[in-house]
Every structure is written in structure tokens, then in C-alpha cells.
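J.:
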Amino acid sequence: MIHFKAIGKIMGALLMLLGLLMLPGVGFSLYYESGDEISLIAAAIVSGLIGAILFFSFSKQDQNIRKREGYMIVSVSWFLMSIFGMLPYLISGTIPNVADALFETVSGLTTTGASILTDIEVIPKGILFWRSMTQWIGGLGIIVLTVAIFPLLGIGGIELFVAESPGPTSDKLHPRIRETAKRLWYIYVGLTFAAGLLYFLGGMDFYDAVNHALTTMATGGFSTKNSSMAYYDGPFIQYTAILFMFLAGTNFTVIYFSLTGKFDRVFRSDEFKAYATTIILLGIGLSIPIYFISGLEYEKAFRDTLFQVVSLITTTGFVSADYTRYHIGITLIFFMLLFMGGSAGSTAGGIKFVRHLAFFKNSWLEFKRIVHPRAVVPLKINGDRVTGKIITHIMNFLLIYLMIFVMGSIVLTIMGYDILTSFGAVATCLGNVGPGIGKVGPVDNFSFFSPTAKVFLSFIMLLGRLELYTILILFTPYFWRTN
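Using my numbering, read the sequence shown as starting at 1 and increasing by one per residue.
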């Protein structure tokens, strides 16, 4: 039996927290006199009030959350955050259309970075800060943050952490889930502060530095400038962005081990080695043809190439150059990067490197199994044996991911969009990247899609952010059976 009252209590806590997180934008609104402070306050009051009603109506519910409730809470909470998160846009009139406001909010919370805004720089400062804040909230997951404070609410949260953590990883920073969540957020907040400081020292004003720090560490890609990071064409800011995008796409347990001096654990990570090696090889390898095609100085060609490789692999989606203008072959390679994803346990979306690693290692070992059918040839990652159950789970995930990409692309083509744009839109939304190919390339946006298509793509973004199963399991009869 599903404990709906316990779920209602947690939904209330999340909405109150969401309301509080709307308020920092009021300070920027007042400072810049952008006139949107009332909208933010009104949205915060509505979210907080409804959250308080839910929370205190079910305040006596103290059941520990089981896995079934955990998956439902994560799915429903992201839906509710998307609904209430678009209130500042609607109340202020910045984005008056519901489908547009929903798309922008879901894109923020899922750290996708796709946008329907055609002129970002005219958006009021407070609302624009809330837009960046939605990505920072979604970066590591508001659920993980709430897990850290659940003891104050009398609620257990291990199932929530399992359902929300971005990727298949068994590493734990601390045996207690509350301490794990707290350490993840210490790292997240610390790196966000460091990125903002370096952006500021590199020449951004305080407001832009804060916004870009929030969206960089969230691997979100929302910018305060219409031309994204191409606006800041200097090496210092762009290399800073590359560094922190790389860190944000790294498994946070690897970052924790490096900060605590456990470098043997860092270099033992097969995923981290594959992640770093792939970025280095692609950055150097693609910069050579781009150098000859573009006619730029090599440093600029290398920087643009490395920036876009890191931006797409980590699913950040910042833009420093239009990667579709070089050559169709190079465009195809960048399109394929939409299916990579960062490391498991990072803020990045996408398939994740550990799944690719397991797939390719297992496929390679299959040749050996064919030649030696009686031999026991185990798959190992980080020196540990990967069980058959995990391999099956990864293979199923990759198959379902591919099926959703194909079916989603077919749906958009039926709606009347060309196949290249359909491929690009579904791939980038499912991978939570931002830019794609076709009419949704790095210098384009999603404003031309119909309201129906925007709602559909919003659902695709949520599927990708919550690792497919978290939402899809709700549509299966097994989830609702009581025995």
C-alpha cells in the first residue's frame, strides 16, 4: 500500500523550500530596480502557503519512505516544482504563455538549458536570476538537499536519494545518507563559489558572475547573454568555464577523494579515466580540422573546440561558437556527443560514461566468450566485478533510451517538423544538453515549436533528468500492485 499522506507531507516541505529559494532574486530586483520583486514575492507566497497547508495537514505522518513512495515522490515533486516554478514567469508577464513558461521552467530544473526566449537580455534581473536558480536547484537535485534536512522533519530519506541521484554509482562518501547528501552539497556550494569568484576576477560583473556560476556547476547552460559564453571571448573566462564544466561533469565522489588526498581512489576510477581521456582526445583531434576550416589562430580554434566538446559531453550547453558551421562531418560528431553524458554521480545528464564503459567492455569481452565458451570472463570496472543483473539493467537502459529517442523523433516529424530538427530536439532534450542540430542548433532556440510540442519536449526532458525508470515505472501495473 502506498502511503499517500506521507507523500503529501514531503510535497509540502518541498514547495515551502521552493518558495524560499524564489526570494534571493528579490534582492537583485530591488538593487537593479527592475520592477519584478512583487512577482517573485507573490510566487514565493503561493508556493510556500500551499506547501505549508500540505505539510501541516499531514504533519503527524511519520512513516519511513519505502522504495515505491520514493519513486513517486521524486516524479511528483519534479512535476509540482515545474508547475510552481513557472509562477514568477507567469505573474510577471515575462513569459505569459503557459506552455512557454512550463518549457523554460522544466528546462531549468532538469538543467537542459534549452530556451524559448528570443531576447534574454531584456528579462528583468530578478526573474533572470530565478531562471538561473532553477538550474542550480536541479543540478544536484533538490531531493538530495531535502534528504539532508529530513531528520528535522522526522522522515527517512534513503529511497529518495536512490531515486534522485544522477547515475548508477555505488560509491558513498559516508555510510549515513544524510551525511552523504551534506558532503555533496558542501562540494557543490564550494565549487559554485569558486567559479563565481573566478568569473568575477576574469571580468564579469557581479550579477553575471553569480548567474553563470550557478548554471555552470549545475551543467545547465542558461546565460544572461543572448550569445551565451561567446559574449565573453577572452581566454580566462572561457578556460574557467571549461574547468568548472569538467568538474561538474565529474563524479562528485572522485572530487571528494581528490580533496581529501585519496588520489589512489581517483586514478582507480575507470569512468574518470575514460571521461578525461575522451575529452582530451576529442578536444585535440577536432581542433586540427576546425583550425584549417575556420582560419582562426590555433589557440582560438583549440579553445572553441575544447569548450564545445566539454559543454556537450557534460550536458552543460554553453555556446562559444557555432559548431554546425564547419563541416557536416564535424556537425555529426558533435551531434553524437549529445548521447555521451558526464560521469555518474555528477550534475550532468545524458546516458553517463559508466554505462558506455560497461557496454563497450562487455561487448569486447563477448568476443573472448565466443572463442572460449566455457571460460568465465567477468566484466570488471574499477577492479570490481559487475554482476549480470547490473549489466542487464544497463543494456535495458540503453535500449529504452534509444527507443525513446526514435519514437520522440517520429512524434515531432508527425507534428510537421523536419527530421534533422526532430532528431536534434529530442536528442538534446532527452540528454538534458540544450543545443542540438537543425533549427535547434547552438545559435537557435525552441520558440518556434507549437505549445503541444513544447509540452511533449518538457516531458522528454523530465524523462532524461530522472534516468527514465523513475517516471516510466509509474506507468507499469507492477508499481501499483499491493502484493
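Don't be surprised by glycine CBs; every beta carbon is placed ideally from N, CA and C. Remember, predicted model here, so these are calculated numbers, not experimental data.
#1: Leu15 and Ile50 look like a contact to me (Cβ under 8 Å); what is the Cβ gap, rounded to whole Å?
#2: Near Ala484, which residues of its chain fall below 7 Å by C-beta distance, leaving aside the five closest residues on each side in sequence?
#3: State the DSSP-derived secondary structure class of Leu160, mapped to helix, strand or coil.
#4: In whole angstroms, what is the alpha-carbon distance linking Asn382 and Thr192?
#5: Sort out for me which residues DSSP pairs Ile381 with in a bridge.
#6: So Phe307 and Ser320 are supposed to be a Cβ contact under 8 Å. How far apart are they, rounded?
#7: For Phe95, does the count of other Cβ atoms within 10 angstroms reach 16, so buried, or fall short, so exposed?
#8: Under 8 Å between the Cβ atoms of Ala427 and Leu457?
#9: Leaving aside the five residues before and after Leu398 along the sequence, list all residues of the same chain whose C-beta is less than 8 Å from its C-beta, in chain order.
#10: Would you say Asn432 and Ser115 are within 8 Å of each other, going by their C-beta atoms?
#11: Report yes if the C-beta distance between Gly126 and Val26 is below 8 Å; otherwise report no.
#12: Thinking Leu54 and Gly12 are a contact (beta carbons under 8 Å), I'd like their distance in whole angstroms, please.
#13: State the DSSP-derived secondary structure class of Leu474, mapped to helix, strand or coil.
#14: Compare the Cα-Cα distances from Leu102 to each of Leu17, Phe459, Thr215 and Tyr232 and report the closest residue.
#15: From Ser57 to Lys9, what distance separates their C-alpha atoms?
#16: Identify, in the order they occur along the chain, each residue of the same chain with its Cβ nearer than 8 Å to the Cβ of Leu80, setting aside the five sequence neighbours on each side.
#17: Helix, strand or coil for Phe459, going by three-state DSSP, please let me know.
#18: Within 10 Å of its beta-carbon, does Trp480 have 16 or more other beta-carbons around it, so buried, or fewer, so exposed?
#19: Beta-carbon within less than 7 Å of Ala99's beta-carbon, same chain only, minus the 5 sequence neighbours each way: which residues are those?
#20: Grab me the residues of Ala230's own chain with a C-beta within less than 7 Å of its C-beta, minus the 5 sequence neighbours each way, in chain order.
#21: Measure from the alpha carbon of Ile7 to the alpha carbon of each residue in His327, Ile73 and Leu365, then state which is nearest.
#22: Return the chain-ordered list of same chain residues with a C-beta closer than 7 Å to the C-beta of Ile288, the five sequence neighbours on each side being excluded.
#23: Examine the Cβ distances between the region 461-473 and the region 252-269 and report whether three or more of them are shorter than 8 Å.
#24: Under the criterion of a Cβ to heavy atom distance below 7 Å, does Leu80 qualify as lining the ligand ATP?
#25: Would you mind reading off the limits of the alpha helix (DSSP H) that contains Tyr207?
#26: What residue from Gly138, Leu365, Pro435 and Trp130 has the CA that sits closest to Leu87's CA?
#27: Taking three-plus beta-carbon pairs below 8 Å as touching, is the region 307-316 in contact with the region 241-255?
#28: Just to check my reading of the structure: Gly349 and Thr315 have Cβ atoms closer than 8 Å, yes? What is that Cβ distance to the nearest angstrom?
#29: Are the beta-carbon atoms of Gly108 and Gly138 separated by less than 8 Å?
#30: Asn362 lies in the alpha helix (DSSP H); which residues open and close that run?
#31: Assign Ala301 to one of two classes, buried (16 or more other C-beta atoms within 10 Å of its C-beta) or exposed (fewer than that).
#32: Flag this pair as yes or no: are the beta carbons of Gly203 and Ile237 separated by less than 8 Å?
#33: In whole angstroms, what is the alpha-carbon distance linking Tyr291 and Gly341?
#34: What alpha helix (DSSP H) runs, 4 residues minimum, are completely inside the region 12-56?
#35: My output table needs one value for Pro151: the three-state DSSP class, helix, strand or coil.
T.: Checking against the coordinates, here is how it stands:
#1: 6 Å
#2: With the chain running from 1 to 483 in the structure shown, residue 484 is simply not present.
#3: Low confidence applies here, because Leu160 scores a pLDDT of 48, under 50, leaving its location unreliable; read the following figure in that light. DSSP places Leu160 in helix when its eight states are reduced to three.
#4: 29 Å
#5: Asp384
#6: 4 Å
#7: Here residue 95 is Ile; the residue named in the question, Phe, does not match the sequence. Classification of Ile95: buried, given that the 10 Å Cβ count is 16 or more.
#8: A distance of 8 Å or more separates the beta carbons of Ala427 and Leu457.
#9: Ile351, Arg355 and Phe359
#10: no
#11: yes
#12: Correct: roughly 3 Å between the Cβ atoms.
#13: helix
#14: Out of Leu17, Phe459, Thr215 and Tyr232, Phe459 has the C-alpha closest to the C-alpha of Leu102.
#15: Taking the straight line from one Cα to the other gives about 7 Å.
#16: Met11, Leu14 and Leu15
#17: helix
#18: exposed
#19: Pro451, Lys454 and Val455
#20: The beta carbon of Ala230 sits closer than 7 Å to those of Val319, Ser320 and Ala321, all from its chain and outside the five residues before and after it, given in chain order.
#21: Ile73
#22: none
#23: No contact exists between the region 461-473 and the region 252-269.
#24: With respect to the ligand ATP, the structure shown offers nothing to examine, as it has no ligands at all.
#25: Phe206 to Met217
#26: When only C-alpha atoms are compared, the closest one is Trp130.
#27: yes
#28: 4 Å
#29: yes
#30: Per DSSP, the continuous alpha helix (DSSP H) segment holding Asn362 begins and ends at Phe353 to Val371.
#31: With a threshold of 16 other beta carbon atoms within 10 Å, Ala301 meets it and is buried.
#32: yes
#33: 26 Å
#34: Entirely contained in the region 12-56, the alpha helix (DSSP H) runs reaching 4 residues are, in chain order, 24-32.
#35: Confidence at Pro151 is low in this model, with a pLDDT of 46, below 50, so the placement of that residue should be treated as unreliable; the coordinate-derived value is given next. In the structure shown, Pro151 sits in a helix (DSSP, three-state: H, G or I).
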